[in-house]
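K.L.:
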Amino acid sequence: MGNSSLAAKVGVAFGAFYVALGVIGFGVTGFAGALTGEQGDAILGISINQFHNIVHFGIGALLIVLSLQKNSGAVMGVGLFYVTAFVIGVMNSDNLTVIGMRGEGDPANFFHLLSGVTLLVVGLLATGATASQAKKRGLT
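For what it's worth, the working numbering labels the leading residue of the sequence shown as 13, then goes sequentially.
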């Protein structure tokens, strides 16, 4: 990633984190009874289930692939996804039960908001830098 942008570096780092979280999550939950929405297993106090693990793994893998292609829009898109998950998660206690979350008191909401805002800010900064560079080169 020698000359990669900040968005690409942060995207790969967050992607790797979420892929690892999904893999570790399967180590905790196993694979039996997948997609039931049942809660009970947790990582660092955050409730998880098999579907939550699939979502973390999939989003992380997508973020890695798109970030390696220097797509700063992917960082913003995933950031928006996690901010939306936060909003949905706190609005009602049974909105995200399929992934094992249980309303506004669930610590996963905090981490979704933190991830989402961080990724959105990095993506916006990268997009602003890209637009500024294009303007300096006379491309706009």
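Glycine is no exception: its CB is placed at the ideal position from the N, C-alpha and C atoms.
None of the values given here were measured: they were computed from a predicted structure.
Could you have a look at serine 17 and say whether DSSP puts it in helix, strand or coil?
P.N.:
Serine 17 falls in the coil class under three-state DSSP.
K.L.:
For phenylalanine 69, which residues from the same chain have a beta carbon less than 6 Å from its beta carbon, with the 5 sequence-adjacent residues on both sides left out?
P.N.:
If we look at phenylalanine 69 and ignore the five residues flanking it on each side, its Cβ neighbours are Val31 and Gly34.
K.L.:
Between which two residues does the beta strand (DSSP E) holding alanine 44 run?
P.N.:
Taken as a continuous stretch (DSSP letters only), alanine 44 belongs to no beta strand (DSSP E), as it is neither H nor E.
K.L.:
With 16 other CB atoms within 10 Å as the buried threshold, where does methionine 88 fall?
P.N.:
Per the 10 Å Cβ criterion, buried.
K.L.:
Given a threshold of 16 other Cβ atoms within 10 Å of its Cβ, counted over all protein chains shown, does threonine 96 qualify as buried or as exposed?
P.N.:
With fewer than 16 other Cβ atoms within 10 Å, it is exposed.
K.L.:
Counting C-beta neighbours from all protein chains within 10 Å, is the total for valine 40 16 or more, i.e. buried, or is it exposed?
P.N.:
The residue in question, valine 40, is exposed, as its Cβ has fewer than 16 Cβ neighbours within 10 Å.
K.L.:
Between the alpha carbons of leucine 137 and phenylalanine 38, how many angstroms are there, rounded?
P.N.:
Approximately 34 Å, taken between the alpha carbons.
K.L.:
What residue range does the alpha helix (DSSP H) around leucine 92 cover?
P.N.:
Looking at the DSSP string, the run of the alpha helix (DSSP H) that includes leucine 92 is 84-103.
K.L.:
Hey, would you say glycine 27 sits closer than 9 Å to valine 77, going by beta carbons?
P.N.:
It is a contact, given that the beta carbons lie within the stated cut-off.
K.L.:
Do leucine 92 and glycine 128 have their C-beta atoms within less than 9 Å of each other?
P.N.:
Yes, they are a contact pair.
K.L.:
Whole-angstrom Cβ separation of valine 90 and leucine 126, contact assumed at under 8 Å?
P.N.:
Going by Cβ atoms, the distance from valine 90 to leucine 126 rounds to 13 Å, so no, they are not a contact pair.
K.L.:
Taking the alpha-carbon positions, what's the valine 133 to serine 17 distance?
P.N.:
Each residue's alpha carbon lies about 14 Å from the other.
K.L.:
Around the C-beta of leucine 56, are 16 or more other C-beta atoms found within 10 angstroms, so that it is buried, or is it exposed?
P.N.:
Exposed: under 16 other Cβ atoms inside 10 Å.
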